[in-house]
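**Student:** With the sequence shown counted from 1, adding 910 to any position gets you our numbering.
Got a structure here, written out as structure tokens. Questions coming.
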Amino acid sequence: MVKLAVDAVEGEKDLNFLRQRLAQGALGEGGARLDRNTFHRSLESAKVVLAIAREAGSRRRVGFVRLDLARVEAELSLFVEPPHRRRGVARQLISWARRRAGRRILFAHTPRNNTSAQALFTALGFHCQGERLPGFIRWEGSPP
Ligand SMILES: CC(C)(COP(=O)(O)OP(=O)(O)OC[C@H]1O[C@@H](n2cnc3c(N)ncnc32)[C@H](O)[C@@H]1OP(=O)(O)O)[C@@H](O)C(=O)NCCC(=O)NCCS
911 MVKLAVDAVE
921 GEKDLNFLRQ
931 RLAQGALGEG
941 GARLDRNTFH
951 RSLESAKVVL
961 AIAREAGSRR
971 RVGFVRLDLA
981 RVEAELSLFV
991 EPPHRRRGVA
1001 RQLISWARRR
1011 AGRRILFAHT
1021 PRNNTSAQAL
1031 FTALGFHCQG
1041 ERLPGFIRWE
1051 GSPP
């Protein structure tokens, strides 16, 4: 597993990283059910926390996680830079999100055809709850 630091988003450079990835279609890849405008609004919301994973040595940004804490259940969405996939980045982002979500139930919606995300949530012990929204599978993780 790659050595990473996962930290809350801080400052303009982090925000630019998020904005660029969104503009490049990070979420359009089928990563989340959020549209770009919702995500942009969340950059300013106190109820949404965002964190970035950085490689330990280079501090290069390799992924991000968004956690919506507005309700009793916390919704998670995440993205890992393609060259850095299958090295445990998502695993570490989700572990950060679990800690940050505290006792809330954590859930995510993955597009029906997103097999990578489905494999990820299965591997991390989330429960598949079927298609709750048209085209999206809901995954629920228990509190730590
Ligand atoms: C899904 C995604 C976040 C996975 O990130 P990642 O950093 O590659 O995942 P990890 O390396 O932490 O994988 C952990 C485990 O999940 C499973 N897994 C993850 N991606 C997988 C894939 N493409 N195929 C099969 N299993 C996969 C594996 O069991 C893996 O463990 P292993 O590599 O030891 O076998 C990444 O592919 C991505 O950003 N996709 C586009 C956005 C998206 O789909 N977001 C998630 C929906 S909210």
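By construction, the Cβ of each residue, glycine as well, lies at the ideal position given by its N, Cα and C atoms.
As the structure is a prediction and not an experimental result, all values here were calculated from the model.
In the DSSP output, which residue or residues are listed as bridge partners for V959?
**Tutor:** The residue you call residue 959 lines up with position 49 of the sequence shown. BP columns for V959 point to L977.
**Student:** In its own chain, which residues sit with a C-beta less than 7 angstroms from the C-beta of E983, not counting the 5 before and 5 after it?
**Tutor:** Stepping through the sequence shown from its first residue, residue 983 is reached at position 73. Answer for E983: R1014, I1015 and F1017, listed in chain order.
**Student:** Tell me, which residues are paired with H894 by DSSP?
**Tutor:** What the structure shows of the chain is the stretch from 911 to 1054, and residue 894 is not part of that stretch, so it cannot be assessed.
**Student:** If you compare alpha carbons, which of A956, L1003 and L988 is closest to R981?
**Tutor:** Here residue 981 refers to the residue found at position 71 of the sequence shown. Selected option, being the one with the closest Cα: A956.
**Student:** For D917, collect the residues of the same chain with a Cβ closer than 8 angstroms to its Cβ; drop the 5 residues on either side in sequence, then sort them by chain order.
**Tutor:** Position 7 of the sequence shown, counted from the first residue, corresponds to residue 917. So the qualifying residues of the chain are A961, I962 and R964.
**Student:** Check whether the Cβ atoms of A1000 and L1030 sit closer than 7 angstroms, and answer yes or no.
**Tutor:** The residue you call residue 1000 lines up with position 90 of the sequence shown. The residue you call residue 1030 lines up with position 120 of the sequence shown. It is a contact, given that the beta carbons lie within the stated cut-off.
**Student:** Check L1016 in the structure and name its three-state DSSP category.
**Tutor:** Numbered from 1 along the sequence shown, position 106 holds the residue referred to as residue 1016. Strand, per DSSP.
**Student:** Identify the residues that DSSP records as bridge partners of L953: which are they?
**Tutor:** Taking the first residue of the sequence shown as position 1, residue 953 is located at position 43. Paired residues: none, contrary to the question.
**Student:** How about G998: is its Cβ closer than 6 angstroms to a heavy atom in ligand 1?
**Tutor:** Translated into the one-based positions of the sequence shown, residue 998 becomes position 88. Yes, ligand 1 has a heavy atom inside 6 angstroms of this Cβ.
**Student:** Give the C-beta separation of A861 and L914 to the nearest angstrom, bearing in mind that I take them to be a contact with Cβ-Cβ under 8 angstroms.
**Tutor:** Residue coverage of the chain in this structure runs from 911 to 1054, which leaves residue 861 outside it and unanswerable.
**Student:** Since F1036 and R971 should fall inside the 8 angstroms C-beta cutoff, what is the C-beta to C-beta distance between them, to a whole number of angstroms?
**Tutor:** The residue given as residue 1036 occupies position 126 in the sequence shown. The residue given as residue 971 occupies position 61 in the sequence shown. Rounded, the Cβ-Cβ distance is 25 angstroms, inconsistent with contact.
**Student:** Taking just the CA atoms, how far does R951 sit from R929?
**Tutor:** As a working mapping, residue 929 is identified with position 19 in the sequence shown. As a working mapping, residue 951 is identified with position 41 in the sequence shown. Cα-Cα distance, rounded: 11 angstroms.
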